[in-house]
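Presented below is the structure to which this report refers.
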Amino acid sequence: MTTITRRKVFGVGGAAVLAGAPSAYASEGPKVDEIGFDLRRYAGYGRKNSGGDGDAATGDWIAQELKNVGFLIRRQPVDVPWFEAKSATISVEGEGAPLLPIGIVRPTSDSGVSGPAIYLRPQAGSTSSLKGAVAVIDLPFQRWSSARSEPIRGILERAAAEGAAAAIFITNGPTGEAIALNSDGRAPAALCPSAVLAPKAAAPVLTAAMQSRLATVKITGAGGRREAFNVIATLKRGGGKWLVVSTPRSGWTVCGGERGPGIVAFLALARWAPAAFPDHNLKFLCHSGHEYENLGAAEALRSAAPKPAETDFWLHLGANLAARDWHEAGVHGLLPLPSADPQRFLLVSPHLMEFAKRKFHGLAGLESPYPTTGGADGELREIVAAGFVSVAGIFGAHRFHHVDGDDLRCVEPALVSPVVERLKSFLMEFLRDRR
1 MTTITRRKVF GVGGAAVLAG APSAYASEGP KVDEIGFDLR RYAGYGRKNS
51 GGDGDAATGD WIAQELKNVG FLIRRQPVDV PWFEAKSATI SVEGEGAPLL
101 PIGIVRPTSD SGVSGPAIYL RPQAGSTSSL KGAVAVIDLP FQRWSSARSE
151 PIRGILERAA AEGAAAAIFI TNGPTGEAIA LNSDGRAPAA LCPSAVLAPK
201 AAAPVLTAAM QSRLATVKIT GAGGRREAFN VIATLKRGGG KWLVVSTPRS
251 GWTVCGGERG PGIVAFLALA RWAPAAFPDH NLKFLCHSGH EYENLGAAEA
301 LRSAAPKPAE TDFWLHLGAN LAARDWHEAG VHGLLPLPSA DPQRFLLVSP
351 HLMEFAKRKF HGLAGLESPY PTTGGADGEL REIVAAGFVS VAGIFGAHRF
401 HHVDGDDLRC VEPALVSPVV ERLKSFLMEF LRDRR
């Protein structure tokens, strides 16, 4: 897998991408420079696996930034799984390909598990028995994100019921790379070893599966559980109601486009909100545990969030808030564009629909909000379920979502700035009449 070092993301290559790419919003001025600095710093902490060094360093930085503007900081422990692979491969007649294990990881012995490779194409259906087999699942083209989504979840359940030796998912998507999958942080997603295989490396495995040849899956390494932490930042002014802003910071990769713009917007709002809302109590929540189906968000909701009746508004900043868009240029690969990926969704409480349309008009993807009653996703789903009445959240999946290439190439500071300004305007107008 690609190694992203501090030198790479802060050095000439990353700076050239940030400074040299043209932008439709180049007139935004000094705010863009501050946003660029924060994006580089976030990327500079490396991989953001929950409870790992990059996640912890990011949390420390965010805690200090919020402390600097007057928030009282508390670190809330979150128990998360972890696994560091020593070996993760699928081999057919001596030819191997690397795998990304699906958590909570079920490792194999050092010799691995073997069985006939069986080809599954979910949209075509299959009646072949998986007992003792290595199921090779050729997923349809999509920006994949979670092992709990269909058809992945159903196939894992079938693999367990039929006694499969292993389940290998080919995550066909925009980059041709293996797409890491979020999974349950409380129990393994599968009863057999399961992993992701990059489409670009899948040809020999697909051939073997179509011929039911013997395949061996080997997943070894160290793992267990460790402590991560949420940053709970509070600024209480007395008897007023609460404004809550939340964002996850952890993920499978450097998370430049997935998490970077949301983190930067979170910091920008935290620096601005104390003066903008002197009559409101403020709660800013930065979660770890995101890739394990929102473990950190669930913990914060349980014991750190204000009561719904005491809260005027909750804003959640999720994935792909303002990642770069790309041309899909066939043999030339992906070519960077100066515009934002429109595959981002704005969800708001039903009574805020028309207001949100007006405030986010002209921002691709965000200009067409959806009501939370239609099915919120991720952390926002849990916020709505907890009973908060006035909420908004942004989430999506850009082309490098959950892929090792999600670094500084996937962000452009001038794409983040207009979203931050619209969020400020949205909050100011909505809360103005509630002081």
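Okay, so the sequence shown: first residue is 1 according to my numbering, each after it adds one.
Using N, Cα and C, we set each Cβ at its ideal position, and we do this for glycine too.
S145 places its beta carbon less than 8 Å from that of H401. Residue state for S417 is assigned as helix, using DSSP reduced to three classes.
Between the beta-carbon of A135 and that of L120 there is about 6 Å, and that keeps the pair under the 8 Å contact cut. Pairing S246 with E291 gives a Cβ-Cβ distance that is not under 8 Å. Within 10 angstroms of the beta-carbon of P369 lie 16 or more other beta-carbons, which makes it buried.
The DSSP assignment places 260-276 as complete runs of the alpha helix (DSSP H) inside the stretch 207-287, in order along the chain (cut-off: 4 residues). Residues L346, L366, E367, P369, R422, F426 of the same chain have their beta carbon placed closer than 8 Å to that of F360, with the five preceding and five following residues left out of the count.
Cβ neighbours of S183 within its own chain (closer than 8 Å, five residues either side excluded): I102, G103, I104, S146, A147, R148, A189, E291, Y292, E293.
Between L181 and D38, the alpha-carbon positions lie close to 27 Å from each other. Leaving aside the five residues that flank E310 on each side, the residues in its chain whose CB is nearer than 7 Å to its CB run, in chain order, K241, W242.
DSSP places E328 inside the beta strand (DSSP E), whose first and last residues are 324-328. Setting aside the 5 residues that flank it on each side, A276 is surrounded in the same chain by M428, each with a C-beta closer than 7 Å to its C-beta; the list follows chain order. Note on geometry: alpha-carbon atoms of C192 and R271 lie some 47 Å from one another. Exposure of H351 is indicated by the presence of fewer than 16 other C-beta atoms within 10 angstroms of its C-beta.
If you ignore the 5 residues before and after L335, its C-beta comes within less than 8 Å of the C-beta of W326, H327, A329, all in its own chain and listed in chain order.
Beta-carbon to beta-carbon, V113 and V217 are separated by about 5 Å, close enough to satisfy the 8 Å threshold.
Judged by DSSP secondary structure, I394 falls within the beta strand (DSSP E) whose first and last residues are 391-396.
By the C-beta density criterion, S349 is buried, having at least 16 other C-beta atoms within 10 angstroms. Around the beta-carbon of A63, 16 or more other beta-carbon atoms lie within 10 Å, marking it buried.
Rounded to whole angstroms, G296 and L267 show a C-alpha spacing of 19 Å. Closest in alpha carbon position to I35, among H287, A228, G256, is G256.
For I383, the closest C-alpha among the options A222, R74, L315 is that of L315. Each residue's CA atom was taken as its position, placing F71 and P278 some 13 Å apart. Here Q76 carries a strand assignment [DSSP, helix/strand/coil]. In terms of Cα proximity to P116, the closest of A160, A208, R106, A43 is A208. In the structure shown, N294 adopts coil according to DSSP, grouped into three states.
Here the C-alpha atom of A233 lies approximately 16 Å from the C-alpha atom of V78. The beta carbons of E95 and P248 sit no closer together than 8 Å. Restricting attention to G289, L235, V254, the CA atom closest to the CA of R225 is found in G289. Linking L235 to V264 through their CA atoms gives a straight-line distance of about 20 Å. Short of 8 Å from the beta carbon of P306, and not among the five residues preceding or following it, lie these beta carbons of its own chain, in chain order: W242, V244, N281, K283. Going by DSSP, Y42 is part of the alpha helix (DSSP H) stretching over 30-44. For G132 and A164, the gap between their C-alpha atoms comes out near 5 Å. Close CB contacts of E162 within its chain, under the 7 Å cut and outside five residues either way in sequence, are with S129, L130, K131 (chain order). The straight-line gap separating the alpha-carbon atoms of I168 and A88 is approximately 11 Å.
By the Cβ-count criterion, D407 is buried, with 16 or more other Cβ atoms from all chains shown falling within 10 Å of its own Cβ.
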